[in-house]
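Q: One structure, as structure tokens, below. Some questions next.
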Amino acid sequence: MTGTTYSSSTDPADGLAASVALRRLADRVESAEVERALRDGWSWSEVAEALGVTRQAVHKKHAERMASRGVDLRRRRS
Amino acid sequence: MFNRFVKDARKLVIRARETACSGGSPTVEAEHLLLAFTEPRGGALAELLASAGLDREGVDLAIGAENERSLAAVGVSAHEFDLPPLGPRGAEPRFAASAKLALERSMKIAVARGDHRIESGHVLLGVLDASRGTVPRALELAGIDRKDLSSRVEAAMLAGALGDRR
């Protein structure tokens with residue numbers, strides 16, 4: 253692979269911190285995209301399947317935040 | 177665990193949890209403890225930190241810079257993500273290892289000093305004593321000398337200048 257800034261010469265301190273920062277970034281991407289999908293009419297089951305987790309897991313992680321953001325969850329069957 | 181913490185030190189831990197919660201973090205990290213010291217009217221320690229450039233804005237900037245630098249190490253530009261802030265989540269954030277370690281260190285520091293109670297100064301020393309992780313990296317990027325800052329905290333504690341409520 254060319255053009256990447258990641259290599260074995262990266263200081264492990266930076267490399268380890270990068271994995272932490274990526275995890276946090278992934279959480280923010282997930283939250284934003286779950287909100288977008290739900291607003292577009294996706295069901296929790298569809299969101300869960302797209303993320304590769306159970307419906308319970310995705311609901312537990314995001315339901316309250318979505319409700320507080322005014323995403324209308326009432327009409328959803330699942 | 178918190179029975180040896182004086183009232184102000186307990187409040188600080190609670191504030192760290194609130195800070196994590198309002199920022200949408202699923203966990204309370206050491207940086208949330210540091211942020212908890214930077215509340216307006218945060219007292220002598222907040223002033224001491226602010227005099228080193230670590231008011232709320234300063235700490236936020238330092239943490240942001242650390243995040244940017246860490247992502248840059250794997251070729252990711254933090255600026256390319258136009259994401260909404262996470263905002264509060266429902267569940268109470270749990271204490272992650274970085275915060276637990278900082279609190280454990282604060283207790284060890286108190287024992288080593290022969291102090292029976294844990295004051296907010298001990299907690300700050302425990303946070304500043306980390307050699308790895310987000311906090312020391314952020315402070316380094318902000319040009320902070322952690323050792324020097326710690327000795328100033330210790331001096332303020334010795335002078336009895338912190339006035340912690342028990």
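Residue numbers (our numbering), protein chains in the order written: chain G, 253 to 330; chain Y, 177 to 342. Glycine residues also receive a C-beta, built at the ideal position from the N, C-alpha and C atoms.
Tell me the start and end of each unbroken alpha helix (DSSP H) in the stretch 255-340 of chain Y that is at least 4 residues and wholly inside, in chain order.
A: Runs of the alpha helix (DSSP H) inside the stretch 255-340 of chain Y: 273-289, 296-304, 310-317 and 322-334.
Q: Looking at the structure shown, is V272 of chain G part of a helix, part of a strand, or coil, going by DSSP?
A: helix
Q: Since T262 of chain G sits in a beta bridge, which residues does DSSP pair it with?
A: Beta-bridge pairing links T262 of chain G to no other residue.
Q: Would you say R328 of chain Y faces chain G, with C-beta separation under 8 angstroms as the test?
A: No, R328 of chain Y lies away from the interface with chain G (no Cβ there is under 8 angstroms from its Cβ).
Q: Under 8 angstroms by Cβ, that's how I've got V310 of chain G and V281 of chain G pegged, so tell me the actual separation to the nearest angstrom.
A: Incorrect: roughly 14 angstroms between the Cβ atoms, too far for contact.
Q: Where does R308 of chain Y land, buried or exposed, given buried means 16+ other C-beta within 10 angstroms?
A: exposed
Q: Please check if any C-beta of chain G sits within less than 8 angstroms of the C-beta of L259 of chain Y.
A: yes
Q: So, is S271 of chain G buried or exposed, given that buried needs 16 or more other C-beta atoms within 10 angstroms?
A: Per the 10 Å Cβ criterion, exposed.
Q: Is the Cβ of T306 of chain G closer than 8 angstroms to any Cβ of chain Y?
A: no
Q: In chain order, what residues of the same chain lie with their CB nearer than 7 angstroms to the CB of P312 of chain Y, ignoring the 5 residues before and after it?
A: A306 and R322
Q: Where does G297 of chain Y land, buried or exposed, given buried means 16+ other C-beta within 10 angstroms?
A: buried
Q: Please name the residue, chosen from Y:L237, Y:H208 and Y:R342, that lies closest to A272 of chain Y on a Cα-to-Cα basis.
A: Y:H208
Q: Can you give the Cα-Cα distance for G304 of chain G and V189 of chain Y, rounded to whole angstroms?
A: 35 angstroms
Q: Could you give the distance in angstroms between the alpha-carbon of M253 of chain G and the alpha-carbon of T262 of chain G?
A: For M253 of chain G, the predicted model reports a pLDDT of 45, less than 50, meaning its position is unreliable; a value from the coordinates is still stated below. So the two alpha carbons sit approximately 16 angstroms from each other.
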